[in-house]
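Residue numbers (UniProt numbering): 1 to 238.
Idealized CB from N, CA, C, for every residue including glycine.
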């Protein structure tokens with residue numbers, strides 16, 4: 001039996017999620033929690049480099065202007081530090097950076113591919129002023145959010161070598177910006193997400209193949225256009 005089958009949202013949480021959200025005249029102060037691998041980046045096997053989703057610059061400019069932003073990843077600290085390079089000048093604005101050490105795992109669990117749960121109540125205990133009505137988790141894994149399932153935006157997993165991305169590109173982050181523009185004016189994001197979950201449009205007119213490629217040995221990333229990379233003769237390790 002999986003953790004998702006065992007763990008359930010609390011009755012208190014479900015009661016909050018049922019409270020009708022209203023559209024406000026002014027945006028609320030909200031917390032946006034970012035997962036990294038699979039959500040914003042796709043790591044190359046071995047961990048020596050990574051590709052960041054298309055439109056990441058626009059996305060980061062938007063969220064850091066309008067939200068309190070933190071990172072919560074199940075990756076180990078050295079991997080999280082590397083992935084956070086993608087934020088560039090925005091990195092110093094992160095309210096918190098939580099990695100694998102933040103899940104309360106045993107030594108044995110820490111070194112294995114142990115299923116992890118992101119219990120948002122731990123964040124609410126740490127960051128004052130946030131709760132189920134004004135917190136949004138961005139995570140491609142539904143199993144991570146079983147305790148607060150209506151506070152999550154689930155983008156499609158970003159895999160830079162996938163046939164779908166290589167053939168069609170994507171603009172997931174642009175679509176998420178549009179969704180966040182609505183959430184900012186909601187009095188209860190849990191209720192809104194429960195009734196209007198994020199839905200990705202696969203073949204979007206804005207789809208792009210352009211990503212940022214980061215290598216551990218270099219501080220800055222460089223743009224790569226997958227629309228012009230041929231698998232047979234490309235010079236980038238996948």
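Relative to the C-alpha of residue i, which candidate in the options has its C-alpha closest?
i	options	result
residue 111	62, 77, 184, 149	77
residue 157	63, 54, 86	54
residue 89	220, 228, 227	220
residue 24	198, 214, 188	188
residue 166	38, 207, 178	207
residue 152	169, 125, 124, 120	120
residue 169	205, 178, 65	205
residue 6	115, 104, 65, 86	115
residue 12	118, 133, 106, 87	133
Once the 5 residues before and after residue i are set aside, which same chain residues still bring their CB inside 6 Å of it?
i	result
residue 18	none
residue 225	209, 210
residue 160	42, 51
residue 8	none
Return the chain-ordered list of same chain residues with a C-beta closer than 7 Å to the C-beta of residue i, the five sequence neighbours on each side being excluded.
i	result
residue 79	47
residue 84	71, 91, 97
residue 36	71, 73, 75, 80, 83
From what residue to what residue does the alpha helix (DSSP H) around residue i run?
i	result
residue 20	Neither: residue 20 is in no alpha helix (DSSP H) and is coded neither H nor E.
Helix, strand or coil for residue i? Go by DSSP, reduced to three states.
i	result
residue 14	helix
What residues in its chain sit with their C-beta under 8 Å from that of residue i, if we drop five residues either side in the sequence?
i	result
residue 68	29, 30, 31, 32, 95, 127, 130
residue 200	155, 156, 172, 175
residue 20	188, 191
residue 216	47, 48, 49, 82
With hydrogens ignored, establish whether the beta-carbon of residue i is closer than 6 Å to any heavy atom of the ligand ZN.
i	result
residue 81	Looking at this structure, you won't find the ligand ZN or any other ligand, since it has none at all.
Counting only runs of 4+ residues fully inside the segment 174-232, write out the alpha helix (DSSP H) ranges in chain order. Correct list: 189-195.
May I have a chain-ordered list of the beta strand (DSSP E) segments no shorter than 3 residues that lie completely inside the UniProt domain "FCP1 homology" (25-183)? Taken in chain order, the whole beta strand (DSSP E) runs of length 3 or more contained in the UniProt domain "FCP1 homology" (25-183) are 31-34, 41-43, 49-52, 68-72, 135-138.
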